[in-house]
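Novice: Structure incoming, see below.
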Amino acid sequence: MPELFIGGQWTTAVDGQVREIRCPADNTLVATVDEAGPKDAAAAIAAAREAFDHGPWPDTPAAERGRLLLRVADLLERDKDALARAESLDTGKRLVESEYDMDDIANCFRYFGNLTAAGGSDRIVDAGSPEVDSRVVHEPVGVCSLITPWNYPLLQTAWKVAPALGAGNTFVLKPSELTPHTAIILMRLLAEAGLPDGAANLILGAGPTAGAPLSEDRRVDLVSFTGGLVTGRRIMAAAAPTVKKVALELGGKNPNIVFADADFEAAVDYALMAIFLHSGQVCSAGARLLVQDDLHDAFVDAVVERARRIPLGGPFDEHARTGPLISAAHRDKVEAYVAAGLAEGAVLRCGGTRPDDPALRDGYYYLPTVLDECTPSMSVVADESFGPVLTVERFRDEEEALTLANGTVYGLAGAVWSQDIGKAQRVANRLRAGTVWINDFHPYVPQAEWGGMKQSGFGRELGPAGLAEYQEAKHVWRNLAPTPQRWFE
Ligand code: NAD
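Using UniProt numbering, the letters of the sequence shown correspond one by one to residues 1 to 489.
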């Protein structure tokens with residue numbers, strides 16, 4: 001069956017190109033899907049433009065748009081098992097994690113459905129005269145390009161699709177070329193929920209060919225991108241000549257700060273979860289462990305002892321607690337960062353190699369790795385390796401912890417562990433990051449904004465600001481009793 005969805009029709013790529021999708025857990029063929037190129041991208045943009053300029057969706061009442069999103073949430077719940085399975089086959093992540101993702105995705109659609117239906121962002125403005133009606137209304141931005149990564153394929157897509165549709169936009173979605181399947185299913189569910197033809201369009205394919213036109217084309221009004229820093233810079237530059245709105249959700253190199261007075265057991269447990277969940281392929285992963293001097297030795301010993309015992313395995317292995325990396329190329333990159341760290345003086349405490357279990361031979365596995373005695377100038381500390389690699393740095397006091405924590409170009413997330421809540425709050429206040437956890441790691445809710453500071457990007461997803469990204473504010477001034485002003489007399 002064709003997998004590109006353009007103007008309400010399923011279609012193959014104009015040039016007849018296809019791509020093999022393989023499961024990273026064992027390199028088995030999942031499916032062969034259509035591979036779009038620039039002509040398919042142009043057709044999808046044209047369909048989205050037509051649906052925005054002449055279609056019913058932008059003029060559909062907000063309450064009705066909200067109801068459609070709520071129907072999509074119900075359909076996502078109905079098809080949760082198939083969606084979770086498809087996500088796990090594409091990404092190699094544990095089935096149970098994909099199932100959690102699907103619950104979060106349905107909640108995201110439900111949140112934006114209710115927010116859209118409630119309306120209320122328009123407001124009357126006091127213009128200083130009873131003879132003027134002055135109000136600020138919120139309109140959709142127009143045609144949106146939505147470009148998403150492979151680590152949380154449908155979740156990152158939902159954070160964009162739900163508010164974009166809620167605000168009345170039309171869109172072209174391009175998921176990662178490595179993980180297309182849940183996006184294909186989502187298109188079917190949007191159509192089943194009653195979304196008009198052309199409001200949602202899907203192209204599959206590589207960034208430079210299928211993706212690039214989505215930020216260059218003058219018919220697109222907004223690009224919302226989640227992915228790596230280098231691609232983000234390219235997209236921002238490509239969008240500049242046509243002055244599109246741009247929102248960038250980029251990488252992170254997130255500090256997890258542990259003070260000597262932290263709850264030891266809880267902090268060790270969360271330090272492991274912060275970095276080794278999904279083999280570190282999480283934008284908010286706690287990849288930099290900063291430990292206060294007095295606690296350092298005991299804490300790192302405890303983390304290493306448990307990291308050595310984390311069982312690896314494929315999505316359907318019930319004993320596995322973390323899975324493979326997404327591709328051979330990505331594992332090569334992670335290995336290169338570890339090698340560079342060791343050459344620069346880091347001390348290998350565990351991992352640092354591929355597993356020797358023959359059952360894992362065909363997948364892209366890499367052992368949970370802890371590098372101790374790291375320094376900020378090491379590339380494995382400064383750059384996002386996006387793998388199961390925890391770097392450890394020591395600090396003396398609050399001030400040094402903050403200097404280290406804020407000492408990268410990124411500012412996505414961070415955490416602080418202390419039983420002195422005053423100190424924890426002081427440090428949280430001074431962390432330059434879009435999300436900060438105190439005595440916790442990783443939780444988020446759709447009601448709270450998510451996004452980065454510094455080179456982790458700009459714009460916000462989720463929360464009321466996540467809807468506002470997809471809206472234009474327009475001031476409408478109505479003179480109720482116009483009389484000649486005789487300005488030029
Ligand atoms: P990537 O930048 O390689 O690719 C992301 C998407 O961009 C893919 O769909 C890709 O095909 C597309 N793309 C590539 N080049 C393009 C171009 N020139 N024009 C248009 N599209 C192009 O990122 P990835 O490896 O898929 O994902 C991992 C990255 O995503 C990590 O850096 C991670 O931190 C980040 N991420 C961030 C968040 C967040 O919320 N901030 C969430 C998830 C992932």
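Idealized CB from N, CA, C, for every residue including glycine.
#1: Roughly how many whole angstroms lie between the Cα atoms of Gly-411 and Gly-251?
#2: Please confirm if the stretch 280-287 is in contact with the stretch 370-388, defined as three or more CB-CB distances below 8 Å between the two stretches.
#3: Assuming Val-347 and Glu-373 form a contact by the criterion Cβ under 8 Å, report the distance between their Cβ atoms to the nearest whole angstrom.
#4: Hey, how far is the Cα of Asn-439 from the Cα of Asn-429?
#5: Determine the burial state of Phe-488: buried for a count of at least 16 other Cβ atoms within 10 Å of its Cβ, exposed for fewer.
#6: Can you confirm whether the stretch 212-225 touches the stretch 110-127 when touching is taken to mean that 3 or more C-beta pairs between the two stretches lie within less than 8 Å?
#7: Taking Ile-45 as the reference, which of Gly-142, Asn-151, Val-258 has the closest Cα?
#8: Evaluate His-319 with the Cβ neighbour count: other Cβ atoms within 10 Å of its Cβ, from every protein chain shown; 16 or more gives buried, anything less gives exposed.
#9: Taking 8 Å as the cut-off, does the stretch 416-432 touch the stretch 305-316 (at least 3 CB pairs, one atom from each stretch)?
#10: Cβ of Leu-250 within 7 Å of any heavy atom in ligand 1?
#11: Using alpha carbons as the reference points, say which of Gly-463, Gly-7, Ile-257 lies closest to Asn-201.
#12: Measuring CB to CB, does Phe-109 end up less than 8 Å from Ala-63?
#13: Identify the continuous beta strand (DSSP E) that holds Leu-348 and give its terminal residues.
#14: Any chance the stretch 11-18 sits against the stretch 29-37, with 3 or more Cβ pairs inside 8 Å?
#15: I believe Leu-4 touches Ile-203 by the beta-carbon criterion, under 8 Å. Please report the beta-carbon distance rounded to the nearest angstrom.
#16: Use the C-beta contact count for Ile-235: other C-beta atoms within 10 angstroms, 16 or more gives buried, fewer gives exposed.
#17: Secondary structure at Asn-406, three-state DSSP: helix, strand or coil?
#18: Counting Cβ pairs, one atom from each stretch, are 3 or more of them under 8 Å apart for the stretch 84-92 and the stretch 170-186?
#19: Just checking my contact of Ile-326 with Trp-150 at CB under 8 Å: how many whole Å lie between their CB atoms?
#20: Return helix, strand or coil for Pro-255, following the three-state DSSP convention.
#21: Quick test of your reading: Leu-289 and Thr-435, contact by CB under 8 Å. State the CB separation rounded to the nearest angstrom.
#22: Cα separation between Asp-263 and Pro-446?
#23: List, from N- to C-terminal side, the beta strand (DSSP E) runs of 3 residues or more that fit wholly inside the stretch 173-239.
#24: So, at 7 Å on beta carbons, what are the nonlocal neighbours of Arg-331 in its own chain, with the 5 sequence-adjacent residues on each side left out?
#25: Just checking Arg-234 against ligand 1 - is the residue's beta carbon closer than 7 Å to any of the ligand's heavy atoms?
#26: Quick check: what's the CA-CA separation for Val-258 versus Val-300?
#27: Taking the alpha helix (DSSP H) that Ser-379 falls in, what are its first and last residues?
#28: By the three-class DSSP mapping on this structure, what secondary structure does Ile-45 have?
Specialist: Answer, in terms of the structure:
#1: As a working mapping, residue 411 is identified with position 411 in the sequence shown. As a working mapping, residue 251 is identified with position 251 in the sequence shown. Each residue's Cα considered, the two are about 9 Å apart.
#2: yes
#3: Here residue 347 refers to the residue found at position 347 when the sequence shown is read from its first residue. Here residue 373 refers to the residue found at position 373 when the sequence shown is read from its first residue. So it is a contact: roughly 5 Å between Cβ atoms.
#4: Here the question's residue 439 lines up with position 439 in the sequence shown. Here the question's residue 429 lines up with position 429 in the sequence shown. Going from the Cα of Asn-439 to the Cα of Asn-429 covers about 14 Å.
#5: Counted from its first residue, the sequence shown places residue 488 at position 488. So Phe-488 counts as exposed.
#6: no
#7: Here residue 45 refers to the residue found at position 45 of the sequence shown. Closest by alpha carbon: Gly-142.
#8: Locating residue 319 in the sequence shown gives position 319, counting from the first residue. Flag for His-319 reads exposed.
#9: no
#10: Along the sequence shown, one-based indexing puts residue 250 at 250. Yes, since a heavy atom of ligand 1 falls inside the 7 Å radius drawn around the Cβ of Leu-250.
#11: The count along the sequence shown starts at 1 and reaches residue 201 at position 201. For the residues Gly-463, Gly-7, Ile-257, the minimum Cα distance to Asn-201 belongs to Gly-7.
#12: As a first step, residue 109 is located in the sequence shown; it is residue number 109 there, counting from the start. As a first step, residue 63 is located in the sequence shown; it is residue number 63 there, counting from the start. Their beta carbons are not under 8 Å apart, which means Phe-109 does not touch Ala-63 by this criterion.
#13: Along the sequence shown, one-based indexing puts residue 348 at 348. First-last of the beta strand (DSSP E) with Leu-348: 347-350.
#14: yes
#15: Here residue 4 refers to the residue found at position 4 when the sequence shown is read from its first residue. Here residue 203 refers to the residue found at position 203 when the sequence shown is read from its first residue. Leu-4 to Ile-203, Cβ: 6 Å. Contact.
#16: Indexing the sequence shown from 1 puts residue 235 at position 235. It is buried - the Cβ of Ile-235 has at least 16 other Cβ atoms within 10 Å.
#17: Taking the first residue of the sequence shown as position 1, residue 406 is located at position 406. Asn-406 falls in the coil class under three-state DSSP.
#18: yes
#19: Sequence index remark: in the sequence shown, residue 326 carries index 326 (1-based). Sequence index remark: in the sequence shown, residue 150 carries index 150 (1-based). Correct: roughly 5 Å between the Cβ atoms.
#20: The count along the sequence shown starts at 1 and reaches residue 255 at position 255. In the structure shown, Pro-255 sits in a strand (DSSP, three-state: E or B).
#21: Here residue 289 refers to the residue found at position 289 of the sequence shown. Here residue 435 refers to the residue found at position 435 of the sequence shown. Going by Cβ atoms, the distance from Leu-289 to Thr-435 rounds to 18 Å, so no, they are not a contact pair.
#22: Residue mapping note: residue 263 aligns to position 263 of the sequence shown, counting from 1. Residue mapping note: residue 446 aligns to position 446 of the sequence shown, counting from 1. If you take the alpha carbons of Asp-263 and Pro-446, they lie about 28 Å apart.
#23: 200-202, 222-226
#24: Here residue 331 corresponds to residue number 331 of the sequence shown, with the count starting at 1. Closer than 7 Å at Cβ, skipping near neighbours: Leu-325, Tyr-364, Tyr-366.
#25: On the sequence shown, position 234 is the one that residue 234 refers to. Yes, the Cβ of Arg-234 comes within 7 Å of a heavy atom of ligand 1.
#26: The sequence position of residue 258 within the sequence shown is 258, counting from 1. The sequence position of residue 300 within the sequence shown is 300, counting from 1. Cα to Cα, Val-258 sits roughly 11 Å from Val-300.
#27: In the sequence shown, counting from the first residue as 1, residue 379 sits at position 379. Per DSSP, Ser-379 belongs to the alpha helix (DSSP H) from 379-382.
#28: Within the sequence shown, the letter at position 45 stands for residue 45. The answer is helix: DSSP assigns Ile-45 an H, G or I state.
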